[in-house]
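Numbering (this note's numbering), first residue to last: 550 to 870.
Virtual Cβ for every residue (Gly too), placed ideally from N, Cα, C.
Reading through the structure tokens given below for one structure.
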């Protein structure tokens, strides 16, 4: 195996020298193999209408027989450790169907996804149905296109696009918080882009309800997860703000936080106060853009700005552009 590129660590974190995929063996960092699916080039030889008796077959047998044919346009949208996402038909409309194999971790994730069904917002992916069977669960949801991470990999966002994207995600997150939902895994791979270019917050598999005081859940993705969560505290609105600050840095730099480093190392550095390096990056807003997200990734969760203040500041930046 080739050696990893040398990483220079500053007080604020690391400077990525070359991209390298990160592997993960920690429970807190399972989402390094993200729940948001990776693209798959393979098309299915079958298709199905999710609002027919086929749903029962899937729930009990995980997949339909390849000999059964329904709608020829169905295809695999993506796949990951959780299962597979398919294009399907629901009441005559195209949808994405996530088929998840039954096991303890996945069942917990499915329960968390139910939070998304309660959220009706133009910038949150709609979840239509959640069904749990003997061998697997089905989540029927709005069909979107690429992820924000895909877009960052493909092109540079101009200053207006950066602010607008950041503000849109923040408004969607504020809606979640006002509804008593903590997302707990904010990152570009969990932001989807619809066919008409609308930004949508997705993947609530790690989310928690602030009304559920009995839950004890420590989750997130290394590089994005807040230090207090790394140390075992419950995810909060403030920890979501931290993750959003890291995402804002990524909108500017198009880099992966702590890219190429092992998950354990990333968690250790984040917990010790290291942040991604932005010292030689021009934010095109006289430092105001960087100053805002640096406040958001403060070690002290009580010093992070409230989400409504973030929205106000972003709108001011956009107005003055």
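{"Query": "DSSP state of residue 643 mapped onto helix, strand, coil", "Result": "strand"}
{"Query": "Extent of the continuous alpha helix (DSSP H) run through residue 685", "Result": "That residue, residue 685, is in no alpha helix (DSSP H); its beta strand (DSSP E) goes 685 to 691."}
{"Query": "Nonlocal neighbours in the same chain, by C-beta distance under 6 Å from residue 708, ignoring five residues either side", "Result": "833"}
{"Query": "Contacts around residue 722, its chain only, beta-carbon distance under 8 Å, and the 5 residues preceding and following it disregarded", "Result": "732, 735, 750, 789, 793 and 856"}
{"Query": "For residue 680, the residue or residues it bridges with in DSSP", "Result": "687"}
{"Query": "Helix, strand or coil at residue 711 according to DSSP, with G and I counted as helix", "Result": "helix"}
{"Query": "The region 742 to 758 touching the region 794 to 805, judged by at least three CB pairs closer than 8 Å", "Result": "no"}
{"Query": "Contact belief for residue 693 with residue 674 at Cβ below 8 Å, rounded distance in angstroms", "Result": "6 Å"}
{"Query": "Residues that DSSP places opposite residue 750 in a beta bridge", "Result": "673 and 740"}
{"Query": "CB contact flag (residue 816, residue 728, <8 Å)", "Result": "no"}
{"Query": "Status (buried if at least 16 other CB within 10 Å, exposed otherwise) for residue 648", "Result": "buried"}
{"Query": "Contact set for residue 937: own chain, Cβ-Cβ below 7 Å, skip 5 residues either direction", "Result": "It is not possible to answer for residue 937, since the shown part of the chain is limited to 550 through 870."}
{"Query": "Beta-carbon spacing of residue 684, residue 730 below 8 Å", "Result": "no"}
{"Query": "Residue 858 classed as buried or exposed, judged by whether at least 16 other C-beta atoms fall within 10 angstroms", "Result": "exposed"}
{"Query": "Endpoints, the alpha helix (DSSP H) within which residue 840 is located", "Result": "837 to 845"}
{"Query": "Nearest-angstrom Cβ-Cβ length linking residue 646 and residue 681, presumed shorter than 8 Å", "Result": "Rounded, the Cβ-Cβ distance is 14 Å, inconsistent with contact."}
{"Query": "Whole-Å CB distance - residue 716 paired with residue 863, under 8 Å assumed", "Result": "4 Å"}
{"Query": "Distance CB(residue 866)-CB(residue 842) smaller than 8 Å", "Result": "no"}
{"Query": "Residue 637, DSSP secondary structure in three states", "Result": "strand"}
{"Query": "Neighbourhood of residue 678 by C-beta distance below 6 Å, restricted to the same chain and skipping five residues each side", "Result": "689"}
{"Query": "Integer-rounded CB distance, given that residue 772 should sit under 8 Å from residue 740", "Result": "Between residue 772 and residue 740 the Cβ distance is about 15 Å, and since that is not below 8 Å, they are no contact."}
{"Query": "CB of residue 776 within 8 Å of CB of residue 702, strictly", "Result": "no"}
{"Query": "Element boundaries [alpha helix (DSSP H), containing residue 814]", "Result": "812 to 820"}
{"Query": "Rounded separation between residue 713 and residue 706 - CA only", "Result": "10 Å"}
{"Query": "Of the listed residues 669, 748 and 670, nearest to residue 697 (C-alpha basis)", "Result": "748"}
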